[in-house]
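**Student:** In this note's numbering, the protein residues as written are 84 to 379.
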């Protein structure tokens, strides 16, 4: 029977690639570490390491065992934390990754409600692109990911599960008093005359719906600002002629909603922004279930 300590020892050795360094890190005598690895190889019936004079490397079987051992040990640690939380021995824990748009719109109010109901939860929140956060989720470094794309687009169906959230319309906006706000029949052609601010990670195919409007090489180019997060754009929007494309939900804050105007060209393509919650399959913790119930 495989013991968890053998898997942990193997994982550290695979990282250090040296028995002496791994033994020091594990606070074990080197012969004890060697016996542990030999025991694991005996149980599995295959060699896991290619042993050299100064270093070791993994066999193909070793690579496979390393991959599985990482998931096994992560699951065991998650189980331990869940049991301690259920028994009242520790606070619950969530490690949340979020794309900039949901982090700056839907997530704040939800977290406020969550802490009112569950004050015994410790949360780590990290904001970045959904591609960066997905890699961390797959490595077990995040409990869940809140992203600005539909779950079906993310892929990795064998490893993750996703829950789509309500979508929001994307709109053009300007400061109050902008020349475009006075036009009775606004078109995309009118918008071309002004600097534009658009999200960096527009969904595939969106730019094409606007022709060459977002192309910095067009003949009548008037300036283009790509942004990760909308809050830094607010100041520029309120003190310039910039026209910004953003999910309408970003304009609901009291500090900006009275100072900006949504403008809708008559030839504006229908454009929605989708959010989703992504988790590893079969790894929904009690705190994650509670947060998910508030999001859906």
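In this text, a Cβ means the ideal position worked out from N, Cα and C, and glycines have one as well.
Being a predicted model, the structure only gives us computed values, none of them experimental.
Return the Cβ separation of residue 189 and residue 332 in integer angstroms, given the expectation that the two are a contact with Cβ distance under 8 Å.
**Tutor:** 7 Å
**Student:** Based on Cα-Cα distance, which residue from 344, 364, 371, 122 lies nearest to residue 265?
**Tutor:** Closest by alpha carbon: 344.
**Student:** Among the residues of its own chain, which have a CB less than 8 Å from the CB of residue 270, if the five just before and after it don't count?
**Tutor:** Excluding sequence neighbours, residue 270 sits near 348, 349, 350.
**Student:** Evaluate the contact criterion for the segment 273 to 286 versus the segment 295 to 304: three or more CB pairs, one atom per stretch, below 8 Å.
**Tutor:** yes
**Student:** With a cut-off of 8 Å on the beta carbons, I'd call residue 182 and residue 230 a contact; round off their distance for me.
**Tutor:** 5 Å
**Student:** Beta-carbon within less than 8 Å of residue 430's beta-carbon, same chain only, minus the 5 sequence neighbours each way: which residues are those?
**Tutor:** Given that the chain is displayed from residue 84 to residue 379, the structure contains no residue 430 and the question cannot be resolved.
**Student:** Using the DSSP secondary-structure output, state which residues sit across from residue 359 in a beta bridge.
**Tutor:** 230, 247
**Student:** Looking at the unbroken alpha helix (DSSP H) that takes in residue 89, where does it start and where does it end?
**Tutor:** 87 to 99
**Student:** With a cut-off of 8 Å, do at least 3 Cβ pairs link the segment 280 to 293 to the segment 241 to 251?
**Tutor:** no
**Student:** Would you list the residues sitting across from residue 141 in a DSSP beta bridge?
**Tutor:** When beta bridges are read from the DSSP output, residue 141 appears opposite 132.
**Student:** Can you tell me the Cβ-Cβ gap for residue 329 and residue 254, rounded? I've got them flagged as a contact below 8 Å.
**Tutor:** Indeed, because the Cβ distance is near 7 Å, the residues count as touching under 8 Å.
**Student:** Note down the Cα distance separating residue 336 from residue 354, rounded to an integer number of angstroms.
**Tutor:** 21 Å
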